[in-house]
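Notes to accompany the following structure.
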Ligand code: GLA
Ligand code: ZN
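Numbering (my numbering), first residue to last: 196 to 883.
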């Protein structure tokens, strides 16, 4: 089904990226040449102004828009659209000099010096006011310009500030949430170690120099940081929308691995979700694993609004901030772009259009390198992506892929897991568990939404909740209803242990712990050393188990497999419970991906895949290949075939209907599809 366009003023697959002409104002010939090269690279849109504050407002209330006027006019004449940024991601010297409160205070209680970027206090009234002024000026001048299609609010929100203003705002937020200190002391279990709060002023953000032992405080602080960052973002959105409410807003996120912010909450005020993807291609753990991990983030970004999203940044070849900066090998750039589109991206945009000449990002790759020429491999690969986007646009733009499966990834759960203090401080592999459960779904093209506890699970057939330690937001009732109505739920070790403020659930088998749905209760949990393994045998195969082993008391569940080692050998590890019209499975340990592949094939083999299930039954997919799809307007499948191997593979497509190769427009009725190393193909199949 086609959704409304992300950028109604220019409804198209976007190709372009971050462009920083303010660094090049002394090089007018470069600015001219940029336009020619962008056109040659099939660039149709660039993001400007992201770090331009000092050049737009060189001193307080003295504005210089002449250079930006000229840049926008030049772009517009060349048919290139503009994503206009608010410049709050980095502030000018004069601002920090005059209003020192705009700089952040760290955990040690000292204020940062000027430097870097993303160093603003999100509470500071002075910062908010200066941001409001510059955002309003930009909106008044450019929001109705036909070239401008989208607001890019700030840049990669992130980080924390512990200044007195933020601490006071945190206390207000807590007062609003708990009402009384008695409630707060209970929710945080603060009588422990005599940490009872007797006055609101005693509350401080957690710090390595002070309070680290109150887990409820820790969680609430992180929630507050998301809240306050979102309030800051909303303040910026209000400033630009006050001038022209018709121009949509986005903020560039950082996918699943952004630590400090809860994007499920932060995405709500945005019109469009966008994110910056920097997969570690050619890393030692294998490109198909890199692709799977990347796909999780793409799926999460699509799930935030259940519609297509923008890939706001990726690198044309290499980054410069990893320990080792590897070039993308030939073909990998396009393959990486195809993966993003396959999961719902309606753009391929880059950091950066022209490589900066000095300072920290001078060795980050760019569409236009220091050589200033189009005669580079990177430029050619970028150009071929631009051409591809033009060719596939009419079939792909705005489509999504309806998901039949969901994985619960909850940011608050992640924060809580990092602070459990037992049973394994050596590490609880929350992301690893999600990846192992996702692998089969990804590879087979079973579209999977990534939702948090606030999600609506009613439309899915399968919900997997790996290590959902913290239950919040009424998740128990939602999962209970989901299973009762016929859904299949899978949980893993260390699920349903604490409530939303990190207090352990009391009692044996209780509804709070979802024991009725799962059919067991947990007596205790053994932790394994990194190299230690237990084992279970299921359907004739033995799988090694690691990390955690729960000791369960079955109440109504069947036992499908038992531990094979240690003093709890013979006790249940894999269980199944019939509940209402559905089924709940539990894996009481950490099982390997081979188990998950076989298990999901068994319990979820009938879910819609990229290609018909009968095809998969006859054609085991090579390890390096993944298939993903978007639903065409007529209900057919647009299938993205991706080979992440450095050797070619040939797939047999015999028996499938004639498709259209979207890159050539030609019919594809071949019996075999040859994919070169790092190769891809995009075939549209008719509705079956
Ligand atoms: C982030 C930022 C960009 C740039 C790139 C480099 O995504 O938003 O400004 O620093 O990283 O990879
Ligand atoms: Zn602050």
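Note that beta-carbon positions come from the ideal geometry of N, C-alpha and C, so glycine has one too.
Fair warning: this is a prediction, and the values are worked out from it, not measured in the lab.
In terms of DSSP beta bridges, what is residue i paired with?
| i | result |
| --- | --- |
| residue 284 | DSSP output for residue 284 lists no bridge partner at all. |
| residue 731 | 738 |
| residue 504 | 540 |
| residue 316 | In the DSSP output, where bridge partners are listed per residue, residue 316 has none listed. |
| residue 771 | 753, 780 |
| residue 824 | 834 |
| residue 878 | 834, 856 |
| residue 242 | 213, 278 |
| residue 744 | 721, 784 |
Do residue j and residue i have their beta-carbon atoms positioned less than 8 Å apart in this structure?
| i | j | result |
| --- | --- | --- |
| residue 153 | residue 798 | An answer regarding residue 153 cannot be provided, because it is not within the stretch 196 to 883 covered by the chain. |
| residue 684 | residue 660 | yes |
| residue 348 | residue 281 | yes |
| residue 237 | residue 327 | no |
| residue 688 | residue 743 | yes |
| residue 242 | residue 222 | no |
| residue 856 | residue 876 | yes |
| residue 600 | residue 643 | yes |
| residue 658 | residue 682 | yes |
| residue 932 | residue 362 | The question about residue 932 has no answer, for the chain in this structure spans 196 to 883. |
| residue 245 | residue 342 | no |
| residue 477 | residue 521 | yes |
State the Cα-Cα distance for the pair residue i and residue j, rounded to the nearest angstrom.
| i | j | result |
| --- | --- | --- |
| residue 298 | residue 314 | 6 Å |
| residue 865 | residue 821 | 19 Å |
| residue 457 | residue 417 | 9 Å |
| residue 528 | residue 840 | 14 Å |
| residue 720 | residue 746 | 6 Å |
| residue 694 | residue 700 | 7 Å |
| residue 588 | residue 546 | 22 Å |
| residue 760 | residue 769 | 15 Å |
| residue 441 | residue 200 | 13 Å |
| residue 197 | residue 727 | Since pLDDT at residue 197 reaches only 48, below the 50 mark, its modelled position is unreliable, and no value is offered. |
| residue 212 | residue 279 | 11 Å |
| residue 782 | residue 757 | 10 Å |
| residue 680 | residue 709 | 16 Å |
| residue 531 | residue 834 | 15 Å |
| residue 641 | residue 350 | 33 Å |
| residue 764 | residue 611 | 30 Å |
| residue 292 | residue 564 | 35 Å |
| residue 205 | residue 751 | 57 Å |
| residue 240 | residue 273 | 10 Å |
| residue 627 | residue 568 | 42 Å |
| residue 353 | residue 396 | 26 Å |
| residue 208 | residue 388 | 57 Å |
| residue 581 | residue 590 | 15 Å |
| residue 325 | residue 861 | 55 Å |
| residue 535 | residue 493 | 6 Å |
For residue i, which residues in the same chain have their Cβ closer than 6 Å to its Cβ, ignoring the five residues on either side in sequence?
| i | result |
| --- | --- |
| residue 496 | 468, 470, 504 |
| residue 376 | 392 |
| residue 220 | 262 |
| residue 558 | 515 |
| residue 202 | 344, 345 |
| residue 774 | 678, 712 |
| residue 436 | none |
| residue 358 | 300, 316 |
Ordered along the chain, which non-local residues of its own chain (more than five positions away) have a Cβ less than 7 Å from that of residue i?
| i | result |
| --- | --- |
| residue 832 | 805, 824, 826, 880 |
| residue 258 | 251, 252, 332 |
| residue 637 | 487, 490, 821 |
| residue 609 | 625 |
| residue 432 | 348, 444, 464 |
Take residue i and list the residues in its own chain whose beta-carbon comes closer than 8 Å to its own, dropping the five residues that flank it on each side.
| i | result |
| --- | --- |
| residue 796 | 635 |
| residue 295 | 306 |
| residue 639 | 804, 805, 811, 816, 822 |
| residue 818 | 483, 840 |
Cβ-heavy atom distance between residue i and the ligand NAD below 7 Å?
| i | result |
| --- | --- |
| residue 430 | Of the ligands one can find in the structure shown, namely the ligand GLA and the ligand ZN, none is the ligand NAD. |
> Does the stretch 261 to 270 come within contact of the stretch 364 to 374, defined as at least 3 CB pairs closer than 8 Å?
Replying inline: Put simply, the stretch 261 to 270 does not touch the stretch 364 to 374. Fewer than three CB pairs are less than 8 Å apart.
> Do the stretch 662 to 674 and the stretch 845 to 856 touch if we need at least three Cβ pairs shorter than 8 Å?
Replying inline: Result no; under three Cβ-Cβ pairs closer than 8 Å.
> Is it a yes or a no for the stretch 787 to 801 touching the stretch 497 to 516, going by three-plus beta-carbon pairs under 8 Å?
Replying inline: With a cut-off of 8 Å, the stretch 497 to 516 and the stretch 787 to 801 do not count as touching, because too few Cβ pairs lie within range.
> Are there three or more Cβ pairs, one per stretch, closer than 8 Å when the stretch 647 to 658 is compared with the stretch 725 to 738?
Replying inline: The stretch 647 to 658 vs the stretch 725 to 738: no contact.
> Counting pairs of beta carbons, one from the stretch 446 to 462 and one from the stretch 376 to 390, are three or more of them closer than 8 Å?
Replying inline: Contact fails: fewer than three Cβ-Cβ distances are below 8 Å.
>> Whether or not the stretch 402 to 410 and the stretch 445 to 453 are in contact is what I'm after, with contact meaning three or more pairs of Cβ atoms, one per stretch, closer than 8 Å; do they touch?
In response: At 8 Å Cβ cutoff, the stretches do not touch.
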